[in-house]
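Quick note, the sequences are listed as chains A and B, same order. Take -3 as the starting number for the first sequence in the working numbering and just add one per residue. Take -3 as the starting number for the second sequence in the working numbering and just add one per residue. Comments concern the structure below.
Protein chains: 2
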Amino acid sequence: MTSSISKLSDLLSEKVRKTNKVIEKNLSSKETPIIGDIASHLINSGGKRVRPLLTLVVSKLFDYRGEKDTFLAAAIEYIHSATLLHDDVIDRSEKRRGLKTANLIWTNKYSVLVGDFLFSRAFQLMVKTQSLKIMKTLSEASAIISQGEILQVGIEKKLDASQEDYLKVIQGKTSALFSAACQAGAEITEASDPHIQALRVYGECIGTSFQLIDDLLDYMGNENEMGKDKGNDFFEKKVTLPIIHAYEKSSLLEKKLIKETFQKPSLNQTDLNNFLEILENRKSLLFTKNQASIWTERSINALQIIENSEIKTLMIGLAEEILDRVS
Amino acid sequence: MTSSISKLSDLLSEKVRKTNKVIEKNLSSKETPIIGDIASHLINSGGKRVRPLLTLVVSKLFDYRGEKDTFLAAAIEYIHSATLLHDDVIDRSEKRRGLKTANLIWTNKYSVLVGDFLFSRAFQLMVKTQSLKIMKTLSEASAIISQGEILQVGIEKKLDASQEDYLKVIQGKTSALFSAACQAGAEITEASDPHIQALRVYGECIGTSFQLIDDLLDYMGNENEMGKDKGNDFFEKKVTLPIIHAYEKSSLLEKKLIKETFQKPSLNQTDLNNFLEILENRKSLLFTKNQASIWTERSINALQIIENSEIKTLMIGLAEEILDRVS
């Protein structure tokens, strides 16, 4: 069965092609070719480009006929790429999507600066939409993204972080851009305010579900499919919902064990195996999946006020596929 | 004698006060108080705030009566602060304006993320000016700034970098924001296009002069006045015009000496003293000062088409003071 995301990509293949062209074209710079090298390394490394696709899909949902959606979609992908470059510097990551990270190949300096460049270019592209509403939506989203990332640093290694803390983190670092991608995609069209708001909520909820599944897959995925090692978050002592839930539900003895583990300077495979057992016993991965499904349901509900159409049906399918994805 | 910059600050004291209020207010965040801590540490550390002042001055020059200039000036200061936070991460700096750097106190992670936040907030403030022209000017400037910084990494430790390479670097990393601060300050007013262009050039040229003097003072200033150690650039092997000129003009023997010095893993006071002697012999500091004065002259010439006024006279004075500053 063809997935909804593939069908959407096919339906919008011309728009996707144009967006990719905008993405490519605005990286080239005679004076500083390294920008193109670094950005292409990341952008062409096989990311799903689901955020820019959402922008195109939403514009199509409201029957948009112009060309601004492609600038907007490219801007969204640039903002996303900028945050990934900075994330990898912050996390000292060595691998992303199965490839060496830019910071590892070109040093942190370049990753920070090329991230800054992509961010600026994103705003340059937005200016081309000639819409202050969109600049507002996306500059707000960008600020919320950094705030989410800052909150995330705050709960690092904090085993007793609350589920609410975690939700705030992911709603900042992930949901905000999904939300803005959909909202802005509607804002360049003639969509009414209630419709724009519905799309904002749809984006926010699938973004939250997307991140929950990401955090879940980190404990399940295999290296080939995820492009990163299983237990990556664990080895980085990144506190995500599976950990928070497992720790909450653990016995005093298990809590002590987890705490001691997290105090070790570095974690090994045995530590991971022990922890996977606790996750299994406490049904923490199942819990995470259930939470994700609640957000998926919310995203689908948000579309209720939108008239039925092929695109709408595929958007519902896309929300379900984000929930059921295995990579 | 009261300096032009003080007179301008006095004349615009109400605007400066309002700008500072905007700067302060938009840093506060209940969820992430650390943003305010870090940004305030930097912003209140005694920077001259010459860039936002320029925006206010230019708006005043064209008799602007609204409130948008203060949002714009605050946005300019945010962009500047964002680049400083990222610079200090990149250069692994430990001291700025006489204080410990944010990266040293709060770690690189926070410096990168708070820089990103300030950058986003800058765009949020710009949206308040409701001017796409300004968003264009400033998003372009931001992209040029990162390109300048990227070029700078490229000529690191490159003793045979050309004066042109160096000029491209500083016109990116410094002149672009001075230029945009003046241009955007004119763009929110009723100024004509030729006047806006004149102000763009004025800003660009004083920015270039400003950076040349900065690079010169690094070899002259004392710790108290600059807030950083003498020879800081030298110890970081940062190739600036004094080095480029000295190396160009050196004898083969001296060239060999400089090259060997730069190959040492770290430089000490004796290395600096030896190098200062070469700078003296080759009159490289005098050369740098002369170059700066050419840019100052250009900045003043750019104002020729502007009607005479008290503000214009003070802007000429400000350009001269940037050239003659000792800190």
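A virtual CB, placed ideally from N, CA and C, is assigned to each residue, including glycine. The structure presented is a predicted model; accordingly, all values stated were derived computationally and were not measured.
Check: Residue of B:Glu63, B:Lys226 and B:Thr185 minimising C-alpha distance to B:Gln265; Outcome: B:Lys226
Check: Contacts around A:Val53, its chain only, beta-carbon distance under 6 Å, and the 5 residues preceding and following it disregarded; Outcome: Leu4
Check: Start-to-end residues for the alpha helix (DSSP H) that takes in B:Lys14; Outcome: Ser9 to Lys21
Check: Residues of the segment 64 to 86 of chain A whose Cβ lies closer than 7 Å to any Cβ of chain B, in chain order; Outcome: His82, Val85 and Ile86
Check: For B:Leu208 and B:Trp291, believed in contact at Cβ under 8 Å, the rounded distance; Outcome: 7 Å
Check: Length of the line joining the Cα atoms of A:Lys234 and A:Gln159; Outcome: 14 Å
Check: N- and C-terminal bounds of the alpha helix (DSSP H) containing A:Ile254; Outcome: Leu248 to Gln259
Check: Sub-9 Å separation of B:Leu147 and B:Ala70 beta-carbons; Outcome: no
Check: Contacts around B:Ile141, its chain only, beta-carbon distance under 8 Å, and the 5 residues preceding and following it disregarded; Outcome: Ile75, Thr79, Gly168, Lys169, Ala172 and Leu173
Check: Closer than 7 Å at the beta carbon, the chain B residues around A:Tyr162; Outcome: Those within 7 Å of A:Tyr162 in chain B number zero; the least Cβ separation is about 13 Å.
Check: Per DSSP, cross-strand counterpart(s) of B:Lys96; Outcome: B:Lys91
Check: Local Cβ density within 10 Å of B:Gly42, reported as buried at 16 or more and exposed below that; Outcome: exposed
Check: Limits of the unbroken alpha helix (DSSP H) element including A:Ile75; Outcome: Lys64 to Ile86
Check: Nearest candidate by alpha-carbon position, reference A:Glu400, set A:Asp33, A:Leu49 and A:Ile302; Outcome: Outside the shown range of chain A (-3 to 323) lies residue 400 of chain A, about which nothing can therefore be said.
Check: N- and C-terminal bounds of the alpha helix (DSSP H) containing B:Leu155; Outcome: Taken as a continuous stretch (DSSP letters only), B:Leu155 belongs to no alpha helix (DSSP H), as it is neither H nor E.
Check: Collapsed DSSP secondary structure at B:Gly42 in the structure displayed; Outcome: coil
Check: Within 7 Å of chain A by C-beta, residues of the segment 137 to 149 of chain B in sequence order; Outcome: Ser138, Ala139, Ser142, Gln143, Glu145, Ile146, Leu147 and Val149
Check: B:Leu282: CB within 8 Å of a non-hydrogen atom of the ligand GTP; Outcome: Within the structure as shown, the ligand GTP is missing, as the structure has no ligands at all.
Check: Counted within 10 angstroms of its Cβ, other Cβ atoms place B:Gln300 as buried (16 or more) or exposed; Outcome: exposed
Check: Beta carbon proximity, B:Tyr106 to chain A, threshold 9 Å; Outcome: yes
Check: Contacts of A:Leu128 in chain B (Cβ-Cβ under 9 Å); Outcome: Val123, Gln126, Ser127, Leu128 and Met131
Check: Cβ neighbour criterion (16 or more within 10 Å) applied to B:Lys179; Outcome: Here residue 179 of chain B turns out to be Gln, not Lys, going by the sequence shown. That one is buried.
Check: Alpha-carbon to alpha-carbon, B:Asn40 and B:Leu253; Outcome: 42 Å
Check: Same chain, Cβ closer than 8 Å to A:Lys96, five either side skipped, listed in chain order; Outcome: Glu90
Check: C-beta neighbour in chain A for B:Ile30, strict 9 Å; Outcome: yes
Check: Buried/exposed call for A:Val322, threshold 16 Cβ in 10 Å; Outcome: exposed
Check: For B:Ile296 and A:Gln193, the rounded distance between their alpha carbons; Outcome: 51 Å
Check: Anticipated Cβ contact below 8 Å, B:Gly203 with B:Ser175, distance rounded; Outcome: 6 Å
Check: Where the alpha helix (DSSP H) through A:Phe271 begins and ends; Outcome: Gln265 to Asn277
Check: Top-ranked residue by Cα proximity to A:Val12, from A:Val149, A:Thr236, A:Asn99 and A:Lys64; Outcome: A:Lys64
Check: Rounded separation between A:Leu314 and A:Glu73 - CA only; Outcome: 18 Å
Check: Test: B:Arg92 CB closer than 9 Å to a CB of chain A; Outcome: no
Check: Contact with chain A by B:Glu20, beta-carbon distance below 9 Å; Outcome: no
Check: Check whether B:Val46 and B:Leu81 have beta carbons under 9 Å apart; Outcome: no
Check: 7 Å CB neighbourhood of A:Thr66 in its chain, flanking five on each side removed; Outcome: Lys11, Lys14, Thr15 and Val18
Check: Burial state of B:Pro48, where buried means 16 or more other Cβ atoms lie within 10 Å; Outcome: buried
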